[in-house]
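What follows is a single structure, written as C-alpha cells, with notes after it.
Shown next as C-alpha cells:
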C-alpha cells in the first residue's frame, strides 16, 4: 500500500461521489468527464492493489491478512460491478448508484490503509 | 395456468435498482465478514457467528430476490431481516452478555451504521410501492 496513492484514491472517489450526487439531484446522467473520472479511479485502485499484492508476496503481512485480502478484492471489483449495474438504469438513480459506489470505495480504501499500517 | 398478465411493477428498477446496489454491497460485506469469522474464530462465539452467517445468507437472498422481482422471496427475506434485527437488537440491549458486538444485528445494527435496520424497511417499502393495484389482484 502507498499512503499517498490511498489519499489520491479517496480524494478522486469523494469528488466523483459528490459530483454524482449533484448530477443525480439535477436529474442528469453521468457525462463523459465523470465516466473518465471513474476510469481514472479504477486505474488508481488497480495500481494500489498491484503494489499491495507485490508487498504481500515479498513478505509484508498485515495482522488481519484475511480481512485485508477481502477488502482488496472488493476494492478492485466494486467500481466495474457498480458501473455495469448503473449503466442499465437510465434515470437519475443510475447516476446515484455510481455516486454511492465511489463513496464506498473511498471508505474501503481508508480501511485498507489502516489495516496495512496497523499490521 | 399461468398467473396471467403481471401487473406489479418490476422491483429493481429506478430507486429499486439503487436499493439492490446498496443491498448487494452490504450482502458482500456481511457474507465475507461472516465467512471469515467462521473460518478463523468460530470457537470464540459460535452462536453469534452462526447468526451472522445466517443473516449474511439472507442478505444475499434478498439482494437477488429484489433484483429479479421475486416478490414473495423478497418479502420473506426482508421480513426475516427486520424481525431478526428487532429481536436480536432488543435482546442485545436487555441482555448485553447474550451476543457479542460482532453480530450484524446487535444493537439494531449500530456497528454497521444501522444499515441492517434501514435496508429491510426500505426493501419492504419498495415492495409495497411496486405491488399490483388491489383492484387487479386476485
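Chains as they are written, first to last, in the numbering used here: chain U, 1 to 119; chain F, 1001 to 1138. All C-beta atoms in this analysis are idealised placements derived from N, C-alpha and C, irrespective of residue type, glycine included.
Spatial neighbours of residue 1126 (chain F) within its chain, please: C-beta separation below 8 angstroms, excluding the five flanking residues on both sides.
Result list for residue 1126 (chain F): 1011, 1015, 1016, 1019, 1066, in chain order.
Any beta-carbon of chain U closer than 8 angstroms to the one on residue 1018 (chain F)?
Cβ-Cβ to chain U under 8 angstroms: yes for residue 1018 (chain F).
Quick check: what's the CA-CA separation for residue 17 (chain U) versus residue 101 (chain U)?
Pairing residue 17 (chain U) with residue 101 (chain U), the inter-Cα distance amounts to about 8 angstroms.
Neighbourhood of residue 1034 (chain F) by C-beta distance below 6 angstroms, restricted to the same chain and skipping five residues each side
By the criterion of a C-beta distance shorter than 6 angstroms, residue 1034 (chain F) is surrounded in its chain by 1052, 1053, 1056, once the five residues flanking it on both sides are discounted.
Since residue 14 (chain U) and residue 103 (chain U) should fall inside the 8 angstroms C-beta cutoff, what is the C-beta to C-beta distance between them, to a whole number of angstroms?
For residue 14 (chain U) against residue 103 (chain U), the beta-carbon gap comes to about 7 angstroms, under 8 angstroms, which counts as contact.
When you compare the CB of residue 1133 (chain F) with every CB in chain U, is at least one pair closer than 8 angstroms?
Cβ-Cβ to chain U under 8 angstroms: no for residue 1133 (chain F).
Under 8 angstroms between the Cβ atoms of residue 1096 (chain F) and residue 1105 (chain F)?
Cβ atoms of residue 1096 (chain F) and residue 1105 (chain F): not closer than 8 angstroms.
Should residue 1026 (chain F) be labelled buried (16 or more other beta-carbon atoms within 10 Å of its own) or exposed?
Of the residues assessed, residue 1026 (chain F) falls on the buried side of the cut-off, its CB having 16 or more other CB atoms within 10 angstroms.
If contact means a Cβ-Cβ distance below 7 angstroms, which residues of the stretch 1022 to 1049 of chain F contact chain U?
Hits within the stretch, in order: 1022, 1025, 1028, 1032, 1036, 1040.
Measure how close the beta-carbons of residue 1081 (chain F) and residue 1047 (chain F) come, nearest whole angstrom, since I'm counting them as under 8 angstroms.
At roughly 18 angstroms, the Cβ-Cβ gap does not stay under 8 angstroms, so residue 1081 (chain F) and residue 1047 (chain F) are not in contact.
Return no unless some Cβ of chain U is closer than 8 angstroms to the Cβ of residue 1015 (chain F).
At a cut-off of 8 angstroms, the C-beta of residue 1015 (chain F) has a neighbouring C-beta in chain U.
Closest Cβ-Cβ distance between residue 17 (chain U) and chain F: below 8 angstroms?
No, its Cβ sits nowhere closer than 8 angstroms to a Cβ of chain F.
Would residue 21 (chain U) and residue 96 (chain U) be called neighbours here (beta carbons separated by less than 8 angstroms)?
Less than 8 angstroms divides the Cβ of residue 21 (chain U) from the Cβ of residue 96 (chain U).
Buried versus exposed call for residue 1089 (chain F) [16 or more other C-beta atoms within 10 Å across all chains shown]
Buried.
Taking a contact to mean a Cβ-Cβ separation below 8 angstroms, would you say residue 187 (chain U) touches residue 51 (chain U) in this structure?
A question about residue 187 (chain U) goes unanswered here, because the residues of chain U that appear run from 1 up to 119.
Residue 76 (chain U) and residue 45 (chain U) closer than 8 angstroms at C-beta
With contacts defined as CB atoms closer than 8 angstroms, residue 76 (chain U) and residue 45 (chain U) qualify as a contacting pair.
Compile a chain-ordered list of the residues in the stretch 55 to 76 of chain U whose CB is closer than 8 angstroms to at least one CB of chain F.
Residues are counted here when their Cβ sits less than 8 angstroms from a Cβ of chain F; for the stretch 55 to 76 of chain U these are 66, 67, 70, 74, given in chain order.
Looking at residue 108 (chain U): is its Cβ nearer than 8 angstroms to the Cβ of residue 74 (chain U)?
Contact flag set, yes.
Between the beta-carbon of residue 118 (chain U) and the beta-carbon of residue 63 (chain U), is there less than 8 angstroms?
Contact flag set, yes.
How would you label residue 1128 (chain F), buried or exposed, when you count the other beta carbons within 10 angstroms and need 16 or more for buried?
So residue 1128 (chain F) ends up on the exposed side.
Under 8 angstroms, do residue 1009 (chain F) and residue 1130 (chain F) count as touching if we go by C-beta distance?
In contact: residue 1009 (chain F) and residue 1130 (chain F) (Cβ atoms closer than 8 angstroms).
Can you tell me which of the three DSSP states residue 1024 (chain F) falls into?
Helix at residue 1024 (chain F).
Tell me whether residue 1063 (chain F) is buried or exposed, calling it buried when 16 or more other Cβ atoms sit within 10 Å of its Cβ.
Counting Cβ neighbours within 10 Å, residue 1063 (chain F) comes out buried, since at least 16 surround it.
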